[in-house]
Structure formats: C-alpha cells, structure tokens
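Asks: So the sequences go chain by chain: E and A. Residues are numbered in the numbering used here as their position in the first sequence, beginning at 1, plus a constant of 18. Residues are numbered in the numbering used here as their position in the second sequence, beginning at 1, plus a constant of 26. Glycine residues also receive a C-beta, built at the ideal position from the N, C-alpha and C atoms. This is the structure I want to talk about, given as structure tokens.
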Amino acid sequence: MSETANPRKIYDHLYQEACAKADLKQNKAKVMVGTATCGVAAGARQIKSDFVREIEASGLSEAVDVIEVGCMGHCYAEPMAIIDKPGHPPVCYGKLDEGLVHRLVEDFLAGDDPSYEYAMAALERNDIFPTFEDFPRGVYEHKLILEQCGFIDARDIDSYIVREGYKALAEALDNQPESVLEEVKAANLRGRGGAGFPAGLKWEACIKQKSDEIYIICNADEGDPGAFMDRSILESDPHLVIEGMILCAYATGARNGYLYIRAEYPLAVTHVQEAINQAREKNLLGKSILGTSFDFDLEIFQGSGAFVCGEATALVNSMEGKMGMPESRPPRLAEKGYRGKPTVLNNVKTFAYVPLIVRRGADWFKGIGTPDSPGTAVFSLVGKVVNTGLVEVPMGTTLRQLVYDVGDGLPDGKAFKAVQIGGPSGGCLPESALDVPIDFDSLQDAGAIMGSGGLVVMSEDDCMVSVARYFLEFTQHESCGKCTFCRLGTKHMLDILTDITRGKGDENTLKLLEELAEDVRDGSLCNLGRTAPNPVLTTLKYFRDEYKAHIEEGRCPALVCRDLILYYIEPPKCSKLCNVCVGSCPTEAIFTRDDGLKEIDQEKCVKCDNCLKACPPEYNAIVKLSPPVLPQEKARKAK
Amino acid sequence: MQLLEGEREEILACVGEILKDTAPKRENLIPVLQKVQARLGYLPALAMEKIAEGIHVAAADVYGLATFYNQFRLNPPGKHQVKVCMGTACYMVGGGITLESFERRMNIKEGETSPDRLYSLERVACVGCCTMAPVVVVNDNVEGKVTPTRVDGIMLTFEDQNDESSHKKGQDQLKQEEDQQ
Chain E
19 MSETANPRKI
29 YDHLYQEACA
39 KADLKQNKAK
49 VMVGTATCGV
59 AAGARQIKSD
69 FVREIEASGL
79 SEAVDVIEVG
89 CMGHCYAEPM
99 AIIDKPGHPP
109 VCYGKLDEGL
119 VHRLVEDFLA
129 GDDPSYEYAM
139 AALERNDIFP
149 TFEDFPRGVY
159 EHKLILEQCG
169 FIDARDIDSY
179 IVREGYKALA
189 EALDNQPESV
199 LEEVKAANLR
209 GRGGAGFPAG
219 LKWEACIKQK
229 SDEIYIICNA
239 DEGDPGAFMD
249 RSILESDPHL
259 VIEGMILCAY
269 ATGARNGYLY
279 IRAEYPLAVT
289 HVQEAINQAR
299 EKNLLGKSIL
309 GTSFDFDLEI
319 FQGSGAFVCG
329 EATALVNSME
339 GKMGMPESRP
349 PRLAEKGYRG
359 KPTVLNNVKT
369 FAYVPLIVRR
379 GADWFKGIGT
389 PDSPGTAVFS
399 LVGKVVNTGL
409 VEVPMGTTLR
419 QLVYDVGDGL
429 PDGKAFKAVQ
439 IGGPSGGCLP
449 ESALDVPIDF
459 DSLQDAGAIM
469 GSGGLVVMSE
479 DDCMVSVARY
489 FLEFTQHESC
499 GKCTFCRLGT
509 KHMLDILTDI
519 TRGKGDENTL
529 KLLEELAEDV
539 RDGSLCNLGR
549 TAPNPVLTTL
559 KYFRDEYKAH
569 IEEGRCPALV
579 CRDLILYYIE
589 PPKCSKLCNV
599 CVGSCPTEAI
609 FTRDDGLKEI
619 DQEKCVKCDN
629 CLKACPPEYN
639 AIVKLSPPVL
649 PQEKARKAK
Chain A
27 MQLLEGEREE
37 ILACVGEILK
47 DTAPKRENLI
57 PVLQKVQARL
67 GYLPALAMEK
77 IAEGIHVAAA
87 DVYGLATFYN
97 QFRLNPPGKH
107 QVKVCMGTAC
117 YMVGGGITLE
127 SFERRMNIKE
137 GETSPDRLYS
147 LERVACVGCC
157 TMAPVVVVND
167 NVEGKVTPTR
177 VDGIMLTFED
187 QNDESSHKKG
197 QDQLKQEEDQ
207 Q
C-alpha cells in the first residue's frame with residue numbers, strides 16, 4: 019500500500035513538530051484543570067477562572083499555562099487540578115475551592131512550597147510524596163485506555179502525538195493491512211460493548227464479503243444509566259479512538275466511518291469534532307493518509323437517546339432515519355449492515371485498545387488479564403462506595419478487590435449488601451459472589467454480565483425489590499415494542515413489582531414473576547429483551563427473603579419502599595427547644611404539640627426524608643418504621 | 027399547547043431555512059429534527075408536518091420518530107428548565123423524591139410545561155455525575171445533592187427572577203406612559 023511515500027518519515031516530521039512545540043513550554047509551569055462533564059458539574063470552570071485570575075494578580079501569566087484536560091477518573095475528588103512545576107514532581111490536588119486556589123498560586127506557583135498537606139498524590143515517583151500507585155487503588159489499577167485521560171489536552175492533537183500518538187498508524191501503513199488484522203486477532207481482543215465477541219473475527223467476516231464498500235461505526239450510544247466511561251474517553255482522549263478506527267479501516271479496506279454519539283453528550287461531540295478536524299489538517303484523515311494511497315474519513319452521527327440503539331441492528335436502522343428497532347440476525351452486520359453494505363461496529367473502548375495493540379504487540383496485550391479475556395476492564399464505580407469514579411483493572415481482578423481495595427469499601431460504616439453489574443441488562447450479586455473474578459465468562463456464570471461496565475455498590479440501606487423495579491421500569495420504558503414479550507411482558511412484570519413494593523401479593527406472585535421473566539427472556543429478539551429480566555431473576559435468587567418480607571409482612575427491611583414505611587418522632591428523644599424538623603418539612607406536616615414535643619401529621623407527610631436528615635445528631639429523634647404502624651396503634655391493637 | 031403570537035411565522039421560517047440546505051433523504055430526517063429542535067427548543071406539530079413534506083415521508087413517520095427517541099420534545103421548554111436525573115445512583119439516594127418535590131412546587135407532572143411557559147420539568151437518564159447524586163440540571167447548570175429543601179431554594183430563586191422581570195416590565199411600561207405624556 020505504501021508504494022507512494024514513506025508514512026514513517028511523514029509521521030516523524032509530525033512528531034518532531036509536536037515535540038518542538040512541547041519543548042517551547044518546557045520551562046513553564048502548567049496547571050491542568052479537569053474539565054470533563056463530571057468536573058464541570060463540580061465547578062471546574064469556576065476553578066479554572068480562579069486560577070487564571072490569581073495567576074494574573076500575582077504577575078505570573080508569562081510563567082504559567084492553565085490548560086484544560088479531561089477526566090482522571092477520581093470523581094470523588096472533583097474539582098481537581100494537577101500542577102506541574104519544573105523542579106517538582108507533578109502534584110495532584112482535589113476538592114479545590116477558591117481559597118485553596120489562592121493558596122496554591124501564592125505558595126506553590128509564586129513561592130516554592132507544594133503545600134503537600136492539601137495534595138492527593140504526586141504523579142511521578144519521588145522521595146517526598148507518595149504517588150497514586152502507592153495507594154491500594156493504584157496497586158490494582160492498570161490503566162491502558164484511560165492512561166492519558168486527564169493528563170493531555172484533548173483539544174490539541176499535538177499533545178497526543180507527543181506521546182507517540184498515531185505512531186501505530188504510521189507503522190501499520192508501512193506494512194500490509196493483513197498485519198493489523200493478524201495482530202488484533204492474535205491479541206484476542208474481545209468487544210468491550212458487553213457481549214465480548216472477538217473484534218478480529220468480526221473484521222475478518224467483513225473482509226470476506228469482498229464488497230466494494232465497507233462501513234465502520236463506533237458505538238458511543240452509552241445508554242446505561244450509571245456508566246460514563248465512553249463519554250469520558252471521548253472527552254479526554256478522542257484521538258485514541260480515532261486512531262483505532264483508522265487502523266480498523268486500513269485492515270478492512272473501509273473508506274467511510276461514523277461515530278454514533280449520544281446527543282446527551284454535547285462536550286464529547288464537540289471534542290470529537292475538533293479532533294477529526296485537526297486530524298484532517300495533519301493528513302491523518304481524508305485522502306492519501308500520511309502520503310499513502312489509503313483514504314478514510316470520519317463523520318459524527320448524533321444519536322437521539324434510545325437505549326435500544328446500543329443494539330447493533332437498531333443503531334444502523336436509526337442511522338438510516340428509521341425508528342431504532344432491532345432486526346433478526348442473520349444476516350449479521352458484517353454481511354449486510356449500514357446501507358446494506360458490510361459494516362464493522364465496535365464499542366468506543368474496543369477501538370481504543372487497537373492502537374495500543376498494534377504499537378506494543380499482541381503478546382504484550384495477552385500478558386495482561388486472563389487467558390480467555392485478555393486486557394483490562396473499565397468500570398464506573400458508583401453508589402455506596404468511598405472512592406467513586408472510573409477505574410481500569412486487569413481482567414481477572416475479583417469484585418471484592420474492586421469494591422474494598424480500589425473503591426475503599428462502603429462509607430459511614432454501612433454493611434455491604436449487593437453489587438449491581440452491567441446496568442439494566444446485568445444482575446445483582448451478593449456478598450457470597452464477591453470472589454468471582456471479573457471476566458466475560460465468569461460473570462455470565464454468576465448471573466450478571468460484563469455489559470457496559472456500570473458497577474453500583476449497594477448497602478444495607480438499599481431495597482433490592484425497589485432496585486429490581488427501577489431497572490425494569492427503565493427497560494420497560496426503553497423497549498422498542500417490536501416483540502410482544504418484551505413490550506407486554508416487561509409491563510406486566512413491572513406492575514407485579516410495583517405491587518410488591520406496596521406490600522401487595524400472595525404466595526403465587528413470585529412464581530408468576532419468575533415464569534414471566536423466563537418467557538420474556540426466551541421470547542425477545544434482541545438483547546434488551548433477553549436480558550431485561552436479569553435484575554429481577556438475580557435478586558429473586560439471592561434476596562428472596564426481602565421479597566417475602568414485602569409480601570407476607572408488609573415490611574420493607576431496608577426501609578425504602580415508601581408505601582411500607584412511616585416517619586415517627588420518638589417523644590423521649592425529641593428536644594422541645596429545637597425547631598429544625600418543623601422548618602425542614604416541605605409540606606408543613608410537622609407541628610408542635612401542646613406539651614412542646616413535635617409530631618408528624620401522617621396525612622400530610624410525603625416521606626421525603628428531609629426531617630430525618632435535619633434532626634440534629636445529638637437528638638436523633640426521627641425514625642422510620644416498617645410496617646407503617648405507629649407505636650400507639652400497635653399498643654391499641656395488642657390490647 | 028397553544029402557539030404564541032408570531033410563533034407560527036418563526037416555525038415556518040426556521041424549518042424552511044434548515045430544509046433548504048438538506049437533501050430530501052430519509053437518512054437526513056433525524057439530523058433535521060435535531061437542528062429544528064436546537065433552534066426552536068421543541069418540535070411543534072406544524073414543524074413536523076413541514077419536515078414531512080420537505081423530506082417526502084409521511085407525517086406519521088416523523089411523529090413516530092419524534093416520539094420514539096427520548097431527545098425530542100413535543101412541548102415548548104419553560105423559561106426555567108429543570109431536568110431531574112434518574113440514573114441508578116440518583117434513584118438510590120432519592121431522585122424520585124426530588125422529582126416529586128418539583129412536581130408539587132411547579133404544579134405540573136414530569137414531561138410537561140406549565141401553561142404560562144415559566145417552568146418545564148423532565149426526567150433524564152444519567153448525566154454522568156453519579157458522585158453528586160441526587161443531581162438536577164437547572165437551565166444547563168448541574169446541581170448536586172438536591173434535597174427537597176434545596177428544591178424550595180431553587181424555586182425561590184426562580185420566583186425572584188420572575189418578580190424582577192415583571193417588575194422591570196412594569197417599570198418599562200410606566201416609563202413609556204410617562205414618555206407619552
């Protein structure tokens with residue numbers, strides 16, 4: 019393919035340019051503020067302007083650059099910034115506010131004291147301060163595709179090239195297309211969208227069609243509520259995904275590619291569009307890439323928000339301007355996809371691994387993770403866990419290590435109850451399943467799936483019936499309506515679950531629920547329907563007692579289901595002199611009795627939990643009762 | 027929802043302009059709907075009819091798409107837009123309670139716009155800020171840890187702003203009358 023010019027030589031030129039640009043700034047201090055969506059939500063934009071203002075006020079504008087970077091994955095500490103000052107290791111600071119910014123500028127940037135008492139970790143080994151690798155989280159974490167997220171300027175292609183970005187492409191272009199395919203196949207890279215189908219085989223199936231036109235689509239329609247790694251990668255390191263797509267195109271002979279990105283991710287759309295434009299300028303996209311005869315270009319298609327469009331055939335329908343309904347397979351997309359042509363469709367993460375595999379080799383990749391699932395897994399760790407955020411661990415790490423070592427356990431000394439993996443298609447696993455290693459096959463055996471990588475930790479305060487109902491409500495709402503079992507079965511299951519959360523049901527209810535769940539699983543065309551019953555089936559399997567408590571005793575053990583609880587002020591504990599609960603009630607349900615004690619008017623109470631949070635800890639007088647019977651009524655009944 | 031004065035003309039102009047640069051292919055239908063919504067804030071029935079004519083598809087197909095995808099809204103956004111996140115993490119710490127509080131205070135249900143077009147309320151699936159749950163997006167600003175008390179605070183801010191603008195309007199009117207005299 020490379021008969022016309024030497025792509026390595028052209029790349030070297032680009033690389034030298036990028037290095038020269040970086041060298042110019044070598045003597046400058048850098049303040050890198052994390053401004054991905056999560057950071058912005060925590061106030062990163064304000065922090066950035068605080069830095070700029072303070073730096074100007076100290077007359078340091080010439081000596082310090084303030085730049086925006088993506089997300090480092092330490093969501094619990096947002097807003098964050100890294101300060102990289104020559105002569106010191108780069109240091110990361112979390113939970114920033116205006117006062118701390120002032121202090122850092124004054125002491126560290128103007129002075130020479132890194133204020134370690136406020137630092138989270140250093141980013142390079144040194145003799146003074148620990149790095150992230152020295153924490154339990156760092157021991158287990160092994161960052162491959164998240165490696166550069168949060169450290170490079172996503173809006174500047176040179177900051178990607180200077181870290182040897184696009185080098186894999188230059189090397190691949192110097193070889194035959196088959197070598198890329200062979201490398202990806204040898205690495206046994208399994209699709210990170212959830213199902214784990216080997217990417218190399220998918221590509222090969224496309225090539226075998228010998229079609230004049232092949233399309234490549236990157237699935238960034240991340241619809242799982244509670245998973246945001248695709249967004250984070252596209253916002254923080256878009257060129258990694260783009261390079262992966264170009265390599266795939268070179269291997270398969272495609273000339274056009276699309277990134278299907280949710281419209282709910284405006285920042286990701288902006289960053290990717292900028293990245294595409296910059297890559298075109300450098301001739302890394304477009305006609306005769308790096309001087310060779312290979313042409314390829316990318317476009318963004320904005321998805322309009324339908325969970326079912328994560329399903330390959332539905333996604334293609336949606337790109338063709340139809341409703342996103344799945345089709346029966348075969349024919350698979352590799353045979354007949356977008357515009358009826360063979361199509362490669364892979365997840366954001368799958369494409370992101372490709373440049374690394376091409377650059378470092380299949381053997382390197384297979385050295386990480388387990389033999390059947392090589393590489394790493396990316397999870398968004400949320401819920402009742404101390405260190406929330408994005409984590410990347412080698413396949414084969416156990417759930418226990420992930421929750422207790424990487425996530426640092428549950429906050430406030432609460433007891434662990436379950437972990438929900440894989441979003442609405444996944445399942446809830448109890449304490450006893452925590453030693454399951456994370457890989458595609460083990461998780462499936464345990465009843466959950468790898469899915470999109472959402473991992474929600476639940477504590478004793480979470481009701482499993484309510485959680486199952488939540489996920490089913492989601493899939494029921496997102497069902498496209500094509501298959502009867504998915505359309506009506508999930509609705510019927512939802513009705514039953516809603517009844518259970520209200521304490522209604524009899525001995526047959528759970529049996530009926532199980533039967534329905536199996537029917538929905540067997541009677542649906544696509545994975546949305548086939549996996550929709552998973553949250554219900556796994557909670558029924560592991561937490562049947564909770565279901566029974568709801569039905570038989572009208573009691574919610576976790577005190578969550580609002581029809582089965584009431585709020586009560588314990589008279590001996592209530593201080594007559596405090597009025598906090600009265601003020602906190604949004605419906606004026608709390609009143610002062612003649613004897614000075616407070617009481618809740620149960621008719622007016624909407625069970626919003628406000629008073630319970632507001633009651634000062636020294637009194638702690640407000641409690642939740644389930645079943646919802648006031649003590650005086652209970653006493654009367656007992657008589 | 028009733029169209030306001032001059033809205034009909036605005037809709038026609040906007041749709042005409044967007045269709046002018048678009049090839050009448052079914053593939054372009056979703057991008058066109060997205061562009062129209064970006065301009066008008068929602069998809070009025072009139073706009074959908076005109077788009078159907080422009081792209082040569084049945085109006086029912088356009089309506090089908092608009093109702094199939096979550097992104098499209100059929101009623102106008104309020105002056106104050108509130109989106110309550112109902113992702114897993116938010117749900118677990120009481121996103122539903124927050125949503126109910128807004129419904130109660132705004133006197134509308136989720137997915138609706140108040141008749142005076144001051145408020146609109148939506149539920150969204152995960153804005154990706156799970157660590158600050160429950161999360162609410164108020165006029166594009168993300169607010170974390172929103173309890174019912176905070177809902178009251180947000181609503182008070184809205185009411186303050188409404189008062190200010192009506193106060194300003196009143197003053198403008200007064201000034202105009204004075205000028206006339």
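Got a sec: which bits of the segment 126 to 159 of chain A sit with their beta carbon under 9 Å from any beta carbon on chain E, in order along the chain?
Replies: Result list: E126, S127, R130, R131, V150, A151, C152, V153, G154, C155, C156, T157, M158 and A159.
Asks: Would you mind giving the Cβ-Cβ distance between A/M78 and A/A71, rounded to the nearest angstrom? I have them listed as a contact below 8 Å.
Replies: Note that residue 78 of chain A corresponds to Ala in the displayed sequence, not to Met. A/A78 to A/A71, Cβ: 11 Å. No contact.
Asks: Quick one: any contact between the segment 365 to 374 of chain E and the segment 202 to 217 of chain E, if contact means 3 or more CB pairs under 8 Å?
Replies: Yes: at least three Cβ pairs fall under 8 Å.
Asks: Please classify E/Y586 as buried or exposed, where buried requires at least 16 other C-beta atoms within 10 Å of its C-beta.
Replies: buried
Asks: Locate the beta strand (DSSP E) running through A/P174, then write down its first and last residues.
Replies: Taken as a continuous stretch (DSSP letters only), A/P174 belongs to no beta strand (DSSP E), being part of the alpha helix (DSSP H) at P174 to Q206.
Asks: Examine the Cβ distances between the segment 535 to 549 of chain E and the segment 487 to 505 of chain E and report whether three or more of them are shorter than 8 Å.
Replies: yes
Asks: Check the Cβ of E/C236 against every Cβ in chain A and list those closer than 7 Å, keeping chain order.
Replies: In chain order: nothing, as chain A lies at least about 17 Å away.
Asks: Using DSSP with H/G/I as helix, E/B as strand and the rest coil, what is E/A632?
Replies: Of the three classes helix, strand and coil, the one that applies to E/A632 here is helix, per DSSP.
Asks: Of the choices E/R378, E/N597, E/F169 and E/D613, whose alpha-carbon is the least far from that of E/P256?
Replies: E/F169
Asks: Based on the DSSP output, what are the partners of E/G523 in its beta bridges?
Replies: According to DSSP, which records beta bridges pairwise, E/G523 is partnered with nothing at all.
Asks: Going by beta carbon distance, what residues of the same chain come within less than 7 Å of E/D171, once the five residues before and after it are set aside?
Replies: I85, E86, V87 and S177
Asks: Specify, as a first and last residue, the run of the alpha helix (DSSP H) that A/Q63 falls within.
Replies: L55 to L66
Asks: For A/N188, which of A/Y145, A/V153 and A/P57 has the nearest alpha-carbon?
Replies: A/Y145
Asks: Are the CB atoms of E/G401 and E/G441 within a distance shorter than 8 Å?
Replies: no
Asks: Could you tell me whether the Cβ atoms of E/V578 and E/S477 are closer together than 8 Å?
Replies: Contact annotation: E/V578 and E/S477 have beta-carbon atoms that are not nearer than 8 Å.
Asks: Which full runs of the beta strand (DSSP E) of 3+ residues lie inside the segment 176 to 250 of chain E, going along the chain?
Replies: Correct list: 233 to 238.
Asks: Going by the CB atoms, is the gap between E/Y278 and E/F319 shorter than 8 Å?
Replies: A Cβ-Cβ contact shorter than 8 Å links E/F319 with E/Y278.
Asks: How far does the beta strand (DSSP E) with E/G52 in it extend, from its first residue to its last?
Replies: A47 to G52
Asks: Using a Cβ-Cβ distance under 8 Å, would A/R99 count as near chain E?
Replies: no
Asks: Would DSSP call E/Y136 helix, strand or coil?
Replies: helix
Asks: Have a look at E/A62, E/N45, E/G271 and E/A47 and flag the residue whose alpha-carbon is nearest the alpha-carbon of E/T53.
Replies: E/A62
Asks: For a quick check, are the C-beta atoms of A/L55 and A/L69 less than 8 Å apart?
Replies: no
Asks: Just the Cα atoms here: how many angstroms apart are E/A535 and E/T549?
Replies: 9 Å
Asks: Going by the CB atoms, is the gap between E/F69 and E/V123 shorter than 8 Å?
Replies: yes
Asks: Cutting at 6 Å between CB atoms, please list the residues of its own chain near E/K103, excluding the five before and the five after it.
Replies: A47
Asks: Which of the residues in the segment 163 to 176 of chain A, read from start to end, lie with their CB under 8 Å from any CB of chain E?
Replies: V168, G170, T173, P174 and T175
Asks: So which residues of chain E does A/L91 contact, with C-beta pairs closer than 7 Å?
Replies: M341
Asks: Residues in its own chain within less than 7 Å of E/R573 by CB, not counting five upstream and five downstream?
Replies: A567, L582, S644 and P645
Asks: Cα separation between E/N526 and E/Q462?
Replies: 28 Å
Asks: Tell me, please, whether the CB atom of E/M19 is closer than 8 Å to any CB atom in chain A?
Replies: Note that E/M19 scores 46 on pLDDT, short of 50, meaning its location in the model is unreliable and no value can be drawn from it.
Asks: Within its chain, find whatever has a CB closer than 6 Å to the CB of E/D239; leave out the 5 residues flanking it on each side and keep chain order.
Replies: Y278, R280, G321, C327 and G328
Asks: Show which residues of chain A have a CB atom less than 8 Å away from the CB atom of E/E3.
Replies: Because chain E in this structure spans residues 19 to 657, residue 3 of chain E falls outside the shown range and cannot be described.
Asks: Who are the near neighbours of E/L265 in its chain, counting only those whose CB is closer than 7 Å to its CB and skipping five residues on each side?
Replies: A186, L187, A190, V198, V372, P373 and V376
Asks: Using Cβ-Cβ distances below 8 Å, what residues of the segment 176 to 198 of chain A are close to chain E?
Replies: Only V177 and D178 from the segment 176 to 198 of chain A bring a Cβ to less than 8 Å from some Cβ of chain E.
Asks: Is the beta carbon of E/R672 less than 8 Å from the beta carbon of E/T331?
Replies: Absent from the model: residue 672 of chain E. The displayed extent of chain E is 19 to 657, so no value can be given.
Asks: Kindly give me the distance between the Cβ atoms of E/V403 and E/L428, rounded to whole angstroms, as I take these residues to be in contact under 8 Å.
Replies: In this structure E/V403 touches E/L428 by the C-beta definition: roughly 6 Å separates them, less than 8 Å.
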